[in-house]
Each structure stands twice: as structure tokens, then as C-alpha cells.
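2 protein chains.
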Amino acid sequence: MGSQLSNTVVEGEDNTKTIGSTAPDQLLEIESLEKILNYKFKDKRLLVQAFTDASYVDDKCDSYEILELLGDSILNMSIIDEFIKLYPKESPGPLTKLRAVNVDTEKLARVAVKHQLYRYLRHKKPLLEEQILEFVEAMEKYPLHSNGLLKVPKVLADIVESTIGALFRDCNSTETVWEDKFVGCGQHPVKKETARNFAAKNAIDNFSKFFGDL
Amino acid sequence: MGSQLSNTVVEGEDNTKTIGSTAPDQLLEIESLEKILNYKFKDKRLLVQAFTDASYVDDKCDSYEILELLGDSILNMSIIDEFIKLYPKESPGPLTKLRAVNVDTEKLARVAVKHQLYRYLRHKKPLLEEQILEFVEAMEKYPLHSNGLLKVPKVLADIVESTIGALFRDCNSTETVWEDKFVGCGQHPVKKETARNFAAKNAIDNFSKFFGDL
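In the order they appear, the protein sequences are chains C and S. 1 is the number of the first residue of the first sequence in UniProt numbering; add one for each residue after it. 1 is the number of the first residue of the second sequence in UniProt numbering; add one for each residue after it.
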């Protein structure tokens, strides 16, 4: 952790931006991430930025914060769009609650762990690595949402959102981000009747399977 | 107001949905709205729904609430996307504030008045028409944002968001909604230096020209 991605960007012969092409191992890390995301970035720098914490920033690469902000708004939009299609007769109140429980920090952090995204984070925070590993281990004890019992490193949720932001910036399509790539893949087992119950905050732990097929 | 749009939906010879085709005047109203929006709806029912208040709902047409929820999230996403492109080095805090002052109720309500959208609202609320007209007249006294002095009928902001939601649902493209149609048309006169000041809440009244060229 903390150094898996190079921030060296060089121009390839075909004018595409590639990162770490001078270091085969680092290029492999980019490819490995792209495989997880099932998406090949035109601009690899976006992918590197999405995994760069502010503590790691230098003059070659900005931190993920802006991409996280963008990804957060895309995620909110895509989820509400999806829920409206699933439950066209539902009123805004329950739909908004349903969205809230589906984009909370722990749920997104679990996505980062499940897909091993946390391994690619670049940071220089002495305690962060240990905190992340504690959360990863604790997830085994709490396979569903812990409902606030676990201490969740926010950075894990952040990199899920920044990755969504980077995907959108690279392909310029919310449809691609939602339908084909990272978010919303797989079947959603939710039914309207149960969704109404799940929208209640105290049922949050029952709903963690929303991202189950990611 | 309150009855300009018919909710009669009939199948045309080419199987497209048309509304009010039995009443030429009402068809003209749909066309007039489409002209304002510079967009021709494939499904006219979405446009009617976007202008239907809950007080007017019958079994033929739902209210605009769901489209408003969708439009709100699209507007938030599109604005943050635009600001990040304009100010790629700005940090999330100021960008979030900048977004907040650009999608507040009064600003959106002014958009509804400026483009005459309020004339197409369908409702059965006895006092609403008078409240809207009061706001329309007051806008002449306060050509810029009143900074909380004016009483703004929320429904005016709602129909701007529901229209954005209807546009998105009809064309399934945020790019179309943002780039070509309703939001973000024209030049934005904002400069980075001034934007920083405008992000401060007390400067909100100086910033109302963001939607000026809509």
C-alpha cells in the first residue's frame, strides 16, 4: 500500500498517455486495476489521481478529492435514476432514504475492500494502513453492514467515489459508469415491498447486499 | 395557469404519443413549451408530468415529484462537473459552496419566471396563483437575487428541476440536458477570482447572472 502506482506519465508511440511504462511492475498494477474495473482508461493519469491521497500529492499528480466530489454526485444521480426505474410509483421520501442507506460510508468502504481497491491507495499517513487492515479483518466478523459498530476509514469510501468520478471523466458517460462498468452491475435482489422496509434506517443492516454482485 | 396542458394522451398514426391532439390549442401549448426548451419530447407525457402539481393529479398523470428528485440530482451533478472543468485546481469546499448558491430555490424560481415556465403549471391550489404572480412582480423590484427578502413559491424551483428530470428521462443523456438544451446554455461570465468571492454566502446576490443567458 502507499506506493503501488507510479505517477510517472509518459507519451506512448501512439500518443496515448501511459503510466509507469518505464517500470513493468507498475504498469501491471494499472492493468490489474483496469481489470477489476472492467474498463481501460484512455487517460491513465485519471486512474492514478483517483487513488492518490492528499498526503501523497506532488507536482505531477493531484489528490483524488475533486474526482471524489464528482463521483459522489454521479453516484447519487445514478442510484436515484435506478430506483425510480425500479419503483416508478414510489414517492420521493422513501426513495431518498433508500439512496441514503445505499451510499453510506461503510457500504462504499465494503465495496473498496471486496474489490481489493484499497491495495492501490497511495498515501503517506503512518496510521492509515493499520486502520484499513483492522477494517478489512473486522469485515469478516460483520459480513453485513455493522450499523455503526465498525470504525470505517473514510478514505475507503472516498476511493470508490473518486474511481467513479475518474471513470466518468474518462468516458464522459454516466450510462457507461452505471450500466457496464463499476456500479450497478449484476442483479439487484431488492423487491418493492421489502425496499419500503429497507428504507427505514433501522433496517440498514439487511440491505447491504445491494452492492453484493459488484 | 392551472389548465394550460391537457393530460389526454392519444396514439398518433405513427405510434408516437401525443397529448391534446384532439384540442389544437392544447397541442400548441405543448409545442410552445418545447420551443422554450429547444427540445422535442418523444414521450409528451413526461413533459405534462413535469408540470403537474400533486393537487392536480388524476389516474392519467402522476405529479412532478419524482421527476423533480431526478432533476435535482442531475442538476447537482452537471453543475459540479461544469465547475470542475472551469476550475480544475479548486478544492472541493469552494466548489461545493459555489454549487449551493447556484441551485438555491430563488435562483431556480427566477429561471422558471424568466422562461415563462410558470404559465404551464397545472395545479388546484387556490392561493398559489396569487403567490406566483406576487413573486413575478417582485422580481422586477429585485432584478438580482434578493438574498432571502422575497417569498419564493417553491413550486417554481420544482418545475425547473422536474423539467430537467423529464428531459433526461426522455433523451437519457446528461450531456444533452446540460450542453444543448436547458441548463448551461450560453456563456458563463464567471472568472475564477470572482468565483472564490461569490462562493461566500453573503455575496450570493452578485452571482445571479450564472443562469443569465439561459
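Just so it is clear, CB atoms sit at the ideal spot from N, CA and C, and this is done for glycine as well. No experiment lies behind these values; they were computed from the predicted model shown.
Listed in chain order, the positions of the segment 137-168 of chain C with a beta carbon within less than 9 Å of a beta carbon of chain S are Gly-165, Phe-168. Fewer than three Cβ pairs drawn from the segment 132-139 of chain S and the segment 58-65 of chain S lie within less than 8 Å of each other, which leaves the two stretches out of contact. Taking 7 Å as the CB threshold, Ile-36 (chain S) stays off the interface with chain C. The beta carbon of His-115 (chain S) sits closer than 6 Å to those of Ile-36, all from its chain and outside the five residues before and after it, given in chain order.
Contacts between Pro-126 (chain S) and chain C, judged by CB atoms closer than 8 Å, are missing: the closest CB pair is about 24 Å apart. With fewer than 16 other CB atoms across the displayed protein chains lying within 10 angstroms of its CB, Pro-88 (chain S) is exposed. Rounded to whole angstroms, the separation of the alpha carbons of Asn-147 (chain C) and Ala-157 (chain C) is 15 Å. When Cβ pairs closer than 8 Å are counted between the two stretches, the segment 156-172 of chain S is seen to touch the segment 64-71 of chain S, the count reaching three or more. Residue contact check for Pro-92 (chain C) against chain S: a CB pair falls below 7 Å. Across the structure, His-123 (chain C) and Leu-46 (chain C) are spaced so that their CA atoms are roughly 16 Å apart.
Here Cys-61 (chain C) is bridged, per DSSP, to C:Asp-58. Under DSSP, Arg-169 (chain C) forms no beta bridge with any residue. For the UniProt domain "RNase III" (30-172) of chain S, there is no continuous beta strand (DSSP E) assignment of 3+ residues that stays within its boundaries.
A straight line joining the alpha-carbon of Leu-28 (chain S) with that of Tyr-120 (chain S) spans about 12 Å. Neighbourhood of Asn-76 (chain S) in chain C, by CB distance below 9 Å: Ser-73, Asn-76, Met-77, in chain order. Any Cβ of chain S closer than 7 Å to the Cβ of Ile-132 (chain C) would place that residue at the interface, and such an atom is absent.
No Cβ of chain S is located within less than 7 Å of the beta carbon of Leu-47 (chain C).
Residue burial is scored here from C-beta neighbours: Pro-153 (chain C) has at least 16 other C-beta atoms within 10 angstroms and is therefore classed as buried. The Cβ atoms of Asn-102 (chain S) and Ile-84 (chain S) lie no closer than 7 Å to each other. With respect to chain S, the C-beta atom of Leu-70 (chain C) has a partner C-beta closer than 7 Å.
Neighbours of Leu-95 (chain C) in chain S, taken as residues at a C-beta separation under 9 Å, are given in chain order as Ile-66, Leu-69.
Within the same chain, Lys-40 come within 6 Å of Glu-34 (chain S) by CB-CB distance, once the 5 residues on both sides are set aside. Cβ-Cβ distances below 6 Å link Thr-52 (chain S) to Cys-61, Ser-63, Tyr-64, Arg-122 in the same chain, with the five nearest sequence neighbours on each side left out; the list follows chain order. With a threshold of 7 Å between beta carbons, Ile-30 (chain S) makes no contact with chain C. Rounded to whole angstroms, the separation of the alpha carbons of Ala-100 (chain S) and Pro-92 (chain S) is 12 Å.
Between Ala-54 (chain S) and Ala-166 (chain S), the gap from beta carbon to beta carbon reaches 7 Å or more.
Out of C:Glu-90, C:Arg-110, C:Pro-94, C:Leu-69, the CA that lies nearest to the CA of Leu-98 (chain S) is found in C:Leu-69.
Judged by their CB atoms, Asp-43 (chain S) and Asp-170 (chain S) are nearer to each other than the 7 Å cut-off. A check of alpha carbon separations from Gln-131 (chain S) across S:Tyr-118, S:Tyr-142, S:Lys-141, S:Pro-143 identifies S:Tyr-118 as the nearest.
Our two residues, Leu-150 (chain S) and Pro-126 (chain S), have alpha carbons roughly 20 Å apart in a direct line. Residue S:Arg-110 holds the alpha-carbon nearest to the alpha-carbon of Tyr-142 (chain S) among S:Ser-32, S:Arg-110, S:Thr-105.
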